[in-house]
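Peer 1: First the structure, which I've put down as structure tokens, then a few questions once you've had a look.
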Amino acid sequence: AQAPVIAIDGPSGVGKGTLALSVSQAQQWHLLDSGALYRLVALSALRRGTALDDARVLGETARHLPVRFEVVQDQGVRIDLDGDDVTRAIREESVGEAASRVATLPTVRAGLLDRQRDFQQAPGLVADGRDMGTVVFPDAALKVFLTASALVRARRRAAQLSVSEDSAIFERIYSDIIQRDERDATRATAPLKPADDAVIIDTSELGIEQVFDRVMALIAERR
Ligand code: C5P
Numbered sequence: 003a004q005a006p007v008i009a010i011d012g013p014s015g016v017g018k019g020t021l022a023l024s025v026s027q028a029q030q031w032h033l034l035d036s037g038a039l040y041r042l043v044a045l046s047a048l049r050r051g052t053a054l055d056d057a058r059v060l061g062e063t064a065r066h067l068p069v070r071f072e073v074v075q076d077q078g079v080r081i082d083l084d085g086d087d088v089t090r091a092i093r094e095e096s097v098g099e100a101a102s103r104v105a106t107l108p109t110v111r112a113g114l115l116d117r118q119r120d121f122q123q124a125p126g127l128v129a130d131g132r133d134m135g136t137v138v139f140p141d142a143a144l145k146v147f148l149t150a151s152a153l154v155r156a157r158r159r160a161a162q163l164s165v166s167e168d169s170a171i172f173e174r175i176y177s178d179i180i181q182r183d184e185r186d187a188t189r190a191t192a193p194l195k196p197a198d199d200a201v202i203i204d205t206s207e208l209g210i211e212q213v214f215d216r217v218m219a220l221i222a223e224r225r
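Structure (structure tokens):
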């Protein structure tokens, strides 16, 4: 039998990454941060000057991405692109923005499919993204879909950046989140939506630990 998968999907800024990391550590399972793959395609394109709508070239980029994920004890995952440490570079706002554009291309999504499925290895996998439960791992043992209002997510992001809520930067963060949600939800291929069998958790009123406890309880129930 194939190794079990826990799929964690939802919009940006909802806390998927933090949750996926802590669940993978608690379970001692592998971790797939699928957003990082889209960010890597975007970074490659930006560095090479490839147009962000060049479906053919970007599909090839996705298929042949020379990436290595290396688990560094107590620090998380180090990401290496063709010999270059890009762990921080891919987190830049400009790269996230470009990632959400290249992610609309079916060639890119198809090019990343097998790479994502390669992460499904014993004893199990925790996968975070937008379409883990709907497209990449439709047979996942547990599918969690996190939501939170755009305003709550903007506030969390602002707090991370120490930006005050009555500043122009806050308005910008808020409108970027709304725009990116819109692009993720309306694209033709693999739009952001919960799988029919996903458990939906609204994190607007919950702390990180409460969400973690709820997911661990779901895992225990299904054992
Ligand atoms: O989650 P993260 O912000 O790193 O993802 C970057 C972008 O990649 C998202 O805005 C989204 O458009 C895209 N993405 C996707 N499918 C996934 C993961 C990320 O389309 N499974």
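Just remember that UniProt numbering sits 2 ahead of the position in the sequence shown, which is counted from 1. No residue lacks a Cβ here, since even glycine has one placed at the ideal position from N, Cα and C. The structure presented is a predicted model; accordingly, all values stated were derived computationally and were not measured.
1) Between which two residues does the beta strand (DSSP E) containing R80 stretch?
2) List the DSSP bridge partners of K145.
3) Does DSSP classify E72 as helix, strand or coil?
4) Under the rule that 16 or more other beta-carbon atoms within 10 Å means buried, what is S46, buried or exposed?
5) Measuring CA to CA, which of V146, A160 and K145 is closest to V152?
6) Starting from D204, follow the beta strand (DSSP E) in both directions and report where the run begins and ends.
7) Please state whether the Cβ-Cβ distance between D84 and E72 is less than 8 Å.
8) Which residue's Cα is closest to the Cα of I10: A197, L208 and T52?
9) Let's see if you can read the secondary structure: which residues bound the alpha helix (DSSP H) around G98?
10) Counting pairs of beta carbons, one from the segment 162–170 and one from the segment 110–124, are three or more of them closer than 8 Å?
11) Quick check on the DSSP output: what are the complete beta strand (DSSP E) runs of length 3 or more inside the segment 159–221, in order along the chain?
12) Which term fits G209, buried or exposed, when burial requires 16 or more other beta carbons within 10 angstroms of its beta carbon?
13) Please report how far the alpha carbon of R182 lies from the alpha carbon of Q30, in whole angstroms.
14) Can you give me the start and stop residues for the beta strand (DSSP E) that V128 sits inside?
Peer 2: Concretely, from the data shown:
1) Membership of R80 in the beta strand (DSSP E) is indicated by the continuous run G78 to L83.
2) In the DSSP secondary-structure assignment, K145 is bridged to A9.
3) E72 falls in the strand class under three-state DSSP.
4) Burial is judged here by how many other beta carbons sit within 10 angstroms of a residue's own beta carbon; S46 has at least 16 and is buried.
5) Checking the displayed sequence, the identity of residue 152 turns out to be Ala instead of Val. With distances taken between Cα atoms, A152 lies closest to A160.
6) Counting along the chain, the unbroken beta strand (DSSP E) around D204 starts and ends at V201 to D204.
7) Taking 8 Å as the Cβ cut-off, D84 and E72 do not qualify as a contacting pair.
8) Relative to the Cα of I10, the nearest Cα in the group A197, L208 and T52 belongs to A197.
9) Taken as a continuous stretch (DSSP letters only), the alpha helix (DSSP H) holding G98 covers E95 to V104.
10) Segments in contact, no.
11) Runs of beta strand (DSSP E) with 3 or more residues, each lying fully within the segment 159–221, are found at 201–204, listed in chain order.
12) Flag for G209 reads exposed.
13) Distance between the alpha carbons of R182 and Q30 is about 32 Å.
14) Unbroken beta strand (DSSP E) run through V128: L127 to G131.
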